[in-house]
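Data first, discussion second: the structure below is written as structure tokens.
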Amino acid sequence: MNGDPASVDGVCALNYQRALRIARNTEGDFDPDVREYLERALNGIRGRLQQNPDSYILTKDEFAILNFYVQRFEWNPEVGAAISRYWQQAQEPNRS
């Protein structure tokens, strides 16, 4: 999904970070194209989590999107576990 950017008003290409920045900095309803882009991204993330509920590790961008919508999933154990795995992985030292 992140490799297939959409555009906002035909002006700029969207990626996860740009779409989140727009959403966070807009009071009230934000651009429907941005909302649709983020919803599609969220659905993709949820699909990947459902395919591998015990092992999927979110990317930094996926975590940012899931975190933006976290209130929707407060009681979802798969999402909670994915967030825990993300933080656990993020705190591990690089093994380079």
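Residue 65 in our numbering sits at position 60 of the sequence shown, and the numbers go up by one each step. Note that beta-carbon positions come from the ideal geometry of N, C-alpha and C, so glycine has one too.
The continuous alpha helix (DSSP H) containing ARG51 extends over residues 37-56. With a cut-off of 8 Å on Cβ pairs, the region 47-67 is not in contact with the region 27-37, counting fewer than three such pairs. DSSP places LEU63 outside both helix and strand once states are collapsed to three, so it counts as coil.
Going by DSSP, TYR91 is part of the alpha helix (DSSP H) stretching over 82-96. Assigned with DSSP and collapsed to three states, ASN72 falls in helix. By the Cβ-count criterion, GLU41 is exposed, with fewer than 16 other Cβ atoms from all chains shown falling within 10 Å of its own Cβ. The straight-line gap separating the alpha-carbon atoms of ALA28 and GLN22 is approximately 10 Å.
Distance from the CA of VAL84 to the CA of THR31, rounded to the nearest whole angstrom, comes to 26 Å.
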